[in-house]
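Trainee: Structure below; questions to follow.
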Amino acid sequence: MMAVASIRSVFAGRTFAQIGLVWLAFVALAAIFSPLIAPFDPYEIDPIARLTEPGWPHLFGTDHFGRDSFSRALYGARMTVLIGLGAVIVALLTGGLVGMLSAYFTRLGHVLMRGVDVLMAFPALLMALVLMTLLERSVMNTIIVIGVVYATTTARILFGMTLKLKGEVFVDAAVCSGAGHASILFRHILPNLVSPLLVQASFIFAFAQLQAAALDFLGLGLPPEVPSWGNMLSEERIYVTRAPWLLIFPGALIILSVFSMNLVGDAMRDSIDPRFKDDIAGV
Amino acid sequence: MALLDVENLEISIRFGHELLPVVRGVSFSVDENETLGIVGESGCGKSLTALAIMGLLEGSGVRVTGGRMRFGGRDLLAMSADERRHIMGNDMAMIFQEPMTSLNPVYRVGDQIIEALQQHRNLSRRAARRRAIELLDLVRIPEPDSRVDSFPHQLSGGQRQRVMIAMALSCDPKLLIADEPTTALDVTVQKEVLDLMLDLQKRTGTAIILISHDLGVIAETCNSVAVMYWGRLVETAPTDALFETLAHPYTRGLLHSIPAIDRDVDWLDAIPGRVPTIGEQIAGCPFHPRCPRAESRCRHEVPQPREIAPGHLVECHFPYGGDR
Amino acid sequence: MLFYTIKRLLALIPTLLAATMLVFLFVHLIPGDPASILLGDTATPEEVAALTRELGLDEPLWTQYLIWLGNVLQGDLGTSVFFGTPVLTVIADGAETSILLATMTMVWIVLFGVPIGIVSAMNKGRWIDQITSGGAMLFASIPTFWLGLYLILLFAVGLGWLPSSGFPSLTDTGGVTNLRYLILPSLTLAAPNAALIIRLVRASMLDVSREDHVRTARAKGLRPSRVAIRHIFRNALISVTAAFGFTFAALVSEAVVTETVFSLPGIGRLVVQSILRRDYPVIQGVILVIVVLYMFINLLVDLAYARLDPRISLK
Amino acid sequence: MSAQPLLDVRDLKVHFRTRGRTVRAVDGVSFDIAPGEVLGLVGESGCGKSTVGRALTQLERATAGQALFEGQDILSMSRRQFLPLRRHIQMIFQDPYASLNPRLTVAQTLSEPLFIHKIARSRKDAQARIAETLDLVGLGPEAMTRYPHEFSGGQRQRIGIARVMILEPKLVIADEAVSALDVSIQAQVLNLIKKLQRDSGMAMLFISHDLGVVRHISDRVAVMSAGKIVETGDKSAIFEAPQDAYTRRLLDSIPRIMPLKETS
Amino acid sequence: EGVLRYATVGEPPTLDQQVVTSDLATTIAQHVFEGLYTFDSSNSPVPLLAAGETISEDGKTITIALREGVKFHNGQDMTSADVVASLKRWGEFGSRGGLLFEHVESVEATGDHEIRITLSAPFGPWKNLMAFLNGGPAIYPASIVEGAGKEPLSPENYIGTGPYSFNAWEANRYVELVRFDDYVSPEGEADGYGGERVAEFDALRFIPVPDVGTRVSGLRAGDYDYAESIPGDLFAELEGDPNVNTILNGGPLFGLVFMNSSAGPLAENYALRRAIQQAIDKVPALQIAIGPEGLWRSNGSFLPEGNVWYTEAGTEAFSQGDAEGARAAAEAAGYTGEPIKFMVSTNYPFHYDTAIVYTKQLAQAGFNIDLQVYDWATLIEKRSQPDQWDMFFTHHGFVPDPILISVMNDNYPGWWATPEKAELKAAFTASSDPAERVDIWSQIQELIYEQVPTMKTGDVYTYNIASPELDGLGEATLIWPHFWNVSK
Ligand SMILES: Nc1ncnc2c1ncn2[C@@H]1O[C@H](COP(=O)(O)OP(=O)(O)OP(=O)(O)O)[C@@H](O)[C@H]1O
Ligand SMILES: Nc1ncnc2c1ncn2[C@@H]1O[C@H](COP(=O)(O)OP(=O)(O)OP(=O)(O)O)[C@@H](O)[C@H]1O
Ligand SMILES: [Mg+2]
Ligand SMILES: [Mg+2]
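Residue numbers (our numbering), protein chains in the order written: chain A, 38 to 320; chain B, 697 to 1020; chain C, 76 to 390; chain D, 452 to 715; chain E, 15 to 502.
Next comes the structure, spelled out in structure tokens:
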């Protein structure tokens, strides 16, 4: 319906955001087609070809396992998307729902939001660290933990936004029409949260990458073998002088992607309903 | 020569790559001791006109794109930013519609008045404060000595608007522009504030431009009235003459749309249709699609201002009371 | 004000209780036990069991919790399993570094973030705005450890201007000049945070500049710079203050990565190391202290709000 | 006027507790409305007018008092019990911009009450009713598939009115239904409301601070001040011979256009 | 003169040498505490606090004379009372004390500076055990050690006889030792850990720098004088750097993959274990995990070439890399593809890297390996529960006597305690004839390759880096780097 038109209006005249969008499209394509494009198996170990410089056939060189960095980078796009989307989904499903319900059902909200307050007091990274040690290192667990970390902020934000919407006259009008709780929440309130949620999601998506990289760095993130940009950076970081390409390529990829996501988020934020501008955090 | 002379003022707004005119050739003048009322429906360009005169349009995507404005004989548009600022708040002051938000919530009202005083008058803080208290007293704020230290939120809407007036009057301006100064206030308070303004005018001789969408307010307070429709002044006249003749069909329609409080009518004589939006193209008289008197000429030919009586200008091919 | 503060402090108690319970639960759910780690590879199960008993880790969880809570209320956070010294001492040692680091970082943030944010807002849409806001966002997109790594390579290894790592404390030889050790880490930490503050200052300034009272200020004929600082920034400060507060709280704890990269003896690294060593009392202690700090800052932010925004009255 | 009023409000009180303070927004208000009658409710800003209207539609919980609608006390009903009555007690809101969900098309907005109250059985049935109602408020059927932001203020208020009229309610509470509109549009909408009210014979509680509008549309007028009703009476009585000092002050402050000349 | 700044990988749990086996602890503590014996550069035990010993004909009574005039850091003279008390605590509670004290009947003072140890039967490794400070019999004042139990000593009780005395332990910041001015050095030319010890520095500071990149950068930037545990891949680069000296460790460490002898599919199935062993080629893993050729050796002997204990017995099975053969062997052993849980920690990159390579190789041979990645602490907890794992990865430091190798301990996770092992182990400890002991050891090693309680992954020569300003470090470190006779 309005989707295409609104995307166009969001990005009109924003060259940087457009470039960001194009880059993200590349990332998405790489994520989808990595098995087809990747010249090598990203897990293929080759003790002879360790730490080769970028060139042909190893465009980004090889790491200390002799694995092809370019192929790993392509598969890394997959992890980027997976972590981003996963964290967004977990954060929105848990935090979002808690926030929305708390704002709508005031009494329930008193209890739930107290809990959120308690969790908010826990520093995000520390919480992630503790949770990660609780669990085995795996892609799934990393995603869940990062999602949970952002769930609290998301709950806060959605609480605020839902509260505002709940006070809107059209909600009163729906009540007067006899609409029930579910209808009001999901038919009247939720659709109005879509665009601010998208903005929020884009920031979560962006910062989840950095959070995941930080966890990788501390040795508590994805299993090190998994080809992700964060892993490529942290697993090969001792080679910063010995094999600089091992840090430069994935570093540039992370920065570029997070930057693009931020640009896109910013563009969307600027175009959304001013009612919600204050609420949306840069996370 | 009048204190303020506006000639053919044109203001445009940037929409994407286009510059669309919103105020499209407006001329009027005001002199000392005079109150000019500008009425018109929402969005017709009243506030933009006022802001253009004050010089507050800068940087909002809105620009003066034509016409001339002279204040005390000087060309406002030719002045540098510094010169403009020197006049702003000093010779020319403005009161805004929203008393609730037009004062900075974090500063005491006294300090906000003092700031205006110190900007243009070489006063010590102490003297400025004394003057601020005087001003608050002038606008009939009770206990000005202590109220000077209040924060805006501690005052009622009417009181805040009085503070705004005090601030506007602090440097004895020659021209006071009041943009819907009472719209947000309760009727009872509205009246007090308007009375206050007129009373002050009597003492200081300040020229006032009063902007309102309420014909009643205009009728009770102004010497002359300008009726604005879609960026044009369609009728300008001394108040009495205007209400006497109601020459422009729009002015007449407007008046008939208002349900009176002293009379029962069964049905209101509403103007059909709606106000055109910015950027809409209308050939001929902009009012013709809604006009009960429109004829084919109105569809093709833009009416020019006509003086149907001394000081009574109408932009209509077929005004009421005109030679039809 | 005092009354309000006391009231707020009392209101913190249930939150704190819940938080401590959560900390305790989390920490004890972590697999691995300190006894085996402490005793090393060659310990027999009997020895491990004995040490476990000695450390009181064989009691039911809730008993352990109550005992711990009781001690905490008496100001005793327990004894580090690893160091054998009181947790409070261990934390206090780390706190010096962390607080200095956070403070120094805040100095950069305020020094760079605020003026750049203001300039960028006042020049909205012009090239200077594009460069500063784009640059800010770019900095916010860099993984900290990556940035830290290159800063060390450039300024410590390459140019030799600044020390690469560690922080020998202000009481150590060198005294205040030891702050040199914190320059690179604080810059690393400041980069993403300053970027967020720049964006926030800019956005808040733009929001405020749309408010009616700014027009009033301009209508007084004030100079644009005065309008920007006294009227726009002063009001924007209200929403920026909270960000300052929470950034500071976050800096103390979330400097984990930076502290690891620069090998700083701060609280963040202490937690990571303690998690790896399963030093339960220290983990609990640190998280408790940080939660208290967070709540305390929360309170300070509210008090600051009341000072900055006269509309808010503390009752 | 029939013997039994349609709505009989007795000693309605609505108090709000905010930050330890109690705001007595409505503090003992009694009035009644007969079937087909329009009662105007006027008063200063903040005197509690809207709160009365909101309490009667259960958007706000009343603290005390009764409101008998056709003999049943609607204030003490639960949300569920009140549901069938909602059809008969409808509300028109002030802000035509805010009272329509921007994410729903006009048809979606209008069909919701139809299905909730089981007035329409099928989509087709609903479609027909919506077209009919839109016609009633002066909008074409092409409006159905459009979103609120595609309409002007006056048109939006017509949609708001359509949403109410589609249920054929017995009582409509109009809270500042025309205050946000420009004079020329306001006149159109006022005419429309008046016409619909007369044609359908519904009763109306017309809340407004604009005395002219109230006089124009009401049969009787109640004047409210600080949570209480200070004077009730026939509109000509109130406007021409106000008894209460507050009413008089209110009337005196209205600016008038003196040299008004009758036109042909 | 000056302070030596040593970048460590972390913090030691305690410096109490008797109870702790952490290498890092010994690196620090050897400057503070001394034992009766220590090792010279050929890894032979030489007297340190002892002046010499006499052994009775039957080999059961050992009389040790102590050096006179040795002072503790608290100013007291060291006497036989201190030594007896220390040995007794070590025997009862020390990590490696039990190995010796199983065979000890009594320890008593026979003079102010003489003690006598009576053994129940001759015990060959006694001197090596006494000389190995790590988990070994450090000598403490009797006043401190009497009544002390298994619990590590607390820092204020770190009182030894070494050239440096303990000064401060700032959690997370550093451990600091200062020169002990009343130190009485043993005589003779410095050789390995033996001979003269001169404390040249005012203080030694051991600073935890867990991130390896930071250790390297810090040393290059001049913030540290010495940094340990540097990845092999950086060796060439660092050796070429004139601002950095590389110092190899003489005693290699080696990875071990333990197999669960107590539960699970591998418990009693030696054939299956051999099949696993057969599948693995150790070289690629070493290449990947360590890097340059010089820093690793694909050596199947548990002790390195050149060492007296070196033997090739059984090592033909060490690194076959025979996927097809392994597949067949596994099938013959009744393996039907059930998952084999392989635990590895990421705290040590070389564990993880090796495990990854092995997993690949095993998969090629048809094994269904379930690689479980944990942090070290979790792994340690899990490995003590027999039902949680089938294989796990760990490493072992250099030890001077095979008896000290963890697999010899029946209680070590894996719980290898077959009758064959018990028999050989008994003979091994009973003998004190060096040649016979070497021979028995080779039989044990053969048994290890047959029953595969653990799988050696090859020798790893770690290296440390130092500032070129440090004098006296020598080419290589024996076991732990030491800083007496070293100056800046
Ligand atoms: N900064 C701006 N950017 C874009 N459009 C603007 C801006 N300011 C005003 N407009 C548009 O210009 C038109 C005239 O605005 P103006 O504020 O002068 O109306 P007005 O007559 O004062 O109306 P009201 O009675 O509602 O105050 C309106 O359609 C308005 O939407
Ligand atoms: N939800 C609420 N919580 C607290 N106070 C409220 C609430 N709703 C209304 N009030 C207060 O109740 C009083 C009456 O409000 P109400 O909106 O009914 O006035 P009104 O007569 O409709 O005013 P207006 O003409 O401005 O619409 C006001 O003082 C208002 O501040
Ligand atoms: Mg206006
Ligand atoms: Mg109201």
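A virtual CB, placed ideally from N, CA and C, is assigned to each residue, including glycine.
1) Going by DSSP in three states, residue 552/D sits in which element: helix, strand or coil?
2) Using CA atoms only, rank isn't needed, just tell me which of 179/C, 96/C and 239/C is closest to residue 338/C.
3) How close, in whole Å, do the beta carbons of residue 79/A and residue 109/A come, if the pair is a contact with beta carbons under 8 Å?
4) Go to residue 265/C, then tell me how far its alpha helix (DSSP H) extends in each direction, as first and last residue.
5) Taking Cβ positions only, does residue 245/E come closer than 8 Å to chain A?
6) Taking just the CA atoms, how far does residue 311/C sit from residue 280/C?
7) In this structure, does DSSP put residue 355/E in helix, strand or coil?
8) Is any beta-carbon of chain D found at less than 8 Å from that of residue 50/A?
9) In chain order, what residues of the segment 222-251 of chain A put their CB closer than 7 Å to some CB of chain D?
10) Strictly under 8 Å for the Cβ-Cβ distance: is residue 641/D near chain B by that measure?
11) Comparing C-alpha positions only, which one of 383/E, 106/E and 123/E sits nearest to residue 116/E?
12) Which of helix, strand or coil does DSSP assign to residue 709/B?
13) Along the beta strand (DSSP E) that carries residue 479/E, what are the first and last residues, could you check?
14) Tell me the rounded alpha-carbon separation between residue 367/E and residue 154/E.
15) Just checking residue 209/A against ligand 4 - is the residue's beta carbon closer than 7 Å to any of the ligand's heavy atoms?
16) To the nearest angstrom, how far is the alpha carbon of residue 222/C from that of residue 263/C?
17) Using a C-beta cutoff of 8 Å, does residue 103/A count as contacting chain D?
18) Taking 8 Å as the cut-off, decide whether the C-beta atoms of residue 271/E and residue 405/E are in contact.
19) Give the range of the alpha helix (DSSP H) segment to which residue 751/D is assigned.
20) Compare the Cα-Cα distances from residue 70/A to each of 124/A, 239/A, 235/A and 115/A and report the closest residue.
21) As an exercise, report each continuous beta strand (DSSP E) stretch of at least 3 residues that is fully enclosed by the segment 228-302 of chain E, in chain order.
22) Decide if residue 218/A is buried, meaning its Cβ has at least 16 other Cβ atoms within 10 Å, or exposed.
23) Does residue 122/C have its Cβ less than 8 Å from a Cβ in chain F?
24) I'd like to know if residue 109/A contacts chain C, where contact means its C-beta is closer than 8 Å to some C-beta of that chain.
25) On a Cα-Cα basis, can you pick out the residue from 284/C, 84/C, 268/C and 367/C that is closest to residue 199/C?
26) Among residues of its own chain, excluding the 5 on either side of residue 1000/B, which ones have a beta-carbon nearer than 6 Å to its beta-carbon?
27) Given 7 Å as the limit, tell me if residue 857/B has its C-beta closer than that to any heavy atom belonging to ligand 3.
28) Could you tell me whether any Cβ in chain C is nearer than 8 Å to the Cβ of residue 42/E?
29) I'd like to know if residue 215/A contacts chain D, where contact means its C-beta is closer than 8 Å to some C-beta of that chain.
30) Report the option in 705/D, 578/D and 692/D whose CA atom is closest to the CA atom of residue 886/B.
31) How big is the Cα-Cα spacing for residue 655/D and residue 488/D?
32) Using the DSSP secondary-structure output, state which residues sit across from residue 464/D in a beta bridge.
33) Distance check for residue 973/B and residue 610/D, CA to CA, integer angstroms please.
34) May I have the straight-line CA-CA distance separating residue 945/B from residue 992/B, to the nearest angstrom?
35) Within the 8 Å Cβ cut-off, does residue 24/E reach chain A?
Mentor: Checking against the coordinates, here is how it stands:
1) For the purposes of this step, residue 552/D is identified with residue 101 of the fourth sequence, where counting begins at 1. When DSSP states are grouped into helix, strand and coil, residue 552/D belongs to the coil group.
2) The sequence position of residue 338/C within the third sequence is 263, counting from 1. It is 239/C.
3) Residue numbering aside, residue 79/A sits at position 42 when the first sequence is read from its first letter. Residue numbering aside, residue 109/A sits at position 72 when the first sequence is read from its first letter. With a Cβ gap of about 4 Å, residue 79/A and residue 109/A count as contacting.
4) On the third sequence, residue 265/C is found 190 positions in, with the first residue counted as 1. Note, residue 265/C: alpha helix (DSSP H), 258-284.
5) As a first step, residue 245/E is located in the fifth sequence; it is residue number 231 there, counting from the start. Interface with chain A (8 Å Cβ-Cβ cutoff): residue 245/E is included.
6) Residue 280/C sits at position 205 when you count from the first residue of the third sequence. Residue 311/C sits at position 236 when you count from the first residue of the third sequence. Per the coordinates, the alpha-carbon of residue 280/C lies some 5 Å from the alpha-carbon of residue 311/C.
7) Walking along the fifth sequence from the start, residue 355/E turns up at place 341. In the structure shown, the three-state DSSP call for residue 355/E is strand.
8) Taking the first residue of the first sequence as position 1, residue 50/A is located at position 13. Taking 8 Å as the threshold, the shortest C-beta distance from residue 50/A to chain D does not fall below it.
9) Within the segment 222-251 of chain A, the residues whose Cβ lies closer than 7 Å to any Cβ of chain D are, in chain order, 225, 228 and 229.
10) Numbered from its first residue, the fourth sequence carries residue 641/D at position 190. Taking CB atoms only, residue 641/D has a neighbour in chain B less than 8 Å away.
11) The residue given as residue 116/E occupies position 102 in the fifth sequence. Per the Cα distances, 106/E.
12) Mapped onto the second sequence, residue 709/B falls at position 13. If DSSP states are grouped into helix, strand and coil, residue 709/B belongs with the strands.
13) Counted from its first residue, the fifth sequence places residue 479/E at position 465. In this chain, the beta strand (DSSP E) harbouring residue 479/E covers 477-480.
14) What you label residue 367/E is simply residue 353 of the fifth sequence in a count that begins at 1. What you label residue 154/E is simply residue 140 of the fifth sequence in a count that begins at 1. The alpha-carbon atoms of residue 367/E and residue 154/E are separated by roughly 41 Å.
15) Sequence index remark: in the first sequence, residue 209/A carries index 172 (1-based). Not so, every heavy atom of ligand 4 lies at least 7 Å from the Cβ.
16) Along the third sequence, one-based indexing puts residue 222/C at 147. Along the third sequence, one-based indexing puts residue 263/C at 188. For residue 222/C and residue 263/C, the distance between alpha carbons rounds to 6 Å.
17) For the purposes of this step, residue 103/A is identified with residue 66 of the first sequence, where counting begins at 1. No, because no Cβ of chain D sits closer than 8 Å to the Cβ of residue 103/A.
18) Counted from its first residue, the fifth sequence places residue 271/E at position 257. Counted from its first residue, the fifth sequence places residue 405/E at position 391. Yes, they are a contact pair.
19) Given a span of 452 to 715 for chain D in the structure shown, any question on residue 751/D remains unanswerable.
20) Translated into the one-based positions of the first sequence, residue 70/A becomes position 33. Comparing Cα positions, the closest option is 115/A.
21) If we require 3 residues or more, the beta strand (DSSP E) runs fully inside the segment 228-302 of chain E come out as 240-244, 259-263 and 267-273.
22) Sequence index remark: in the first sequence, residue 218/A carries index 181 (1-based). Classification of residue 218/A: exposed, given that the 10 Å Cβ count is below 16.
23) Although the question refers to chain F, the structure presented lacks it and instead comprises the protein chains A, B, C, D and E.
24) In the first sequence, counting from the first residue as 1, residue 109/A sits at position 72. Residue 109/A has a beta carbon lying at 8 Å or more from every beta carbon in chain C.
25) Stepping through the third sequence from its first residue, residue 199/C is reached at position 124. When only C-alpha atoms are compared, the closest one is 284/C.
26) Position 304 of the second sequence, counted from the first residue, corresponds to residue 1000/B. Excluding residues within five positions, none has a Cβ falling inside 6 Å.
27) The residue labelled residue 857/B in the question sits at position 161 within the second sequence. Not under cutoff, so the answer is no.
28) Here residue 42/E refers to the residue found at position 28 of the fifth sequence. Put simply, the CB of residue 42/E is far from chain C, with every gap to its CB atoms at 8 Å or more.
29) By one-based count along the first sequence, residue 215/A stands at place 178. At a cut-off of 8 Å between C-beta atoms, residue 215/A counts as an interface residue with respect to chain D.
30) Numbered from 1 along the second sequence, position 190 holds the residue referred to as residue 886/B. Nearest C-alpha to residue 886/B: 705/D.
31) Working through the fourth sequence from its first residue, we reach residue 655/D at position 204. Working through the fourth sequence from its first residue, we reach residue 488/D at position 37. Going by C-alpha positions, residue 655/D is about 6 Å away from residue 488/D.
32) One-based indexing of the fourth sequence puts residue 464/D at position 13. Answer is 478/D and 515/D.
33) Residue mapping note: residue 610/D aligns to position 159 of the fourth sequence, counting from 1. Residue mapping note: residue 973/B aligns to position 277 of the second sequence, counting from 1. Cα-Cα distance, rounded: 20 Å.
34) Looking up residue 945/B in the second sequence gives position 249. Looking up residue 992/B in the second sequence gives position 296. Residue 945/B and residue 992/B have their alpha carbons spaced roughly 16 Å apart.
35) Counting from 1 along the fifth sequence, the entry for residue 24/E is found at position 10. With respect to chain A, the C-beta atom of residue 24/E has no partner C-beta closer than 8 Å.
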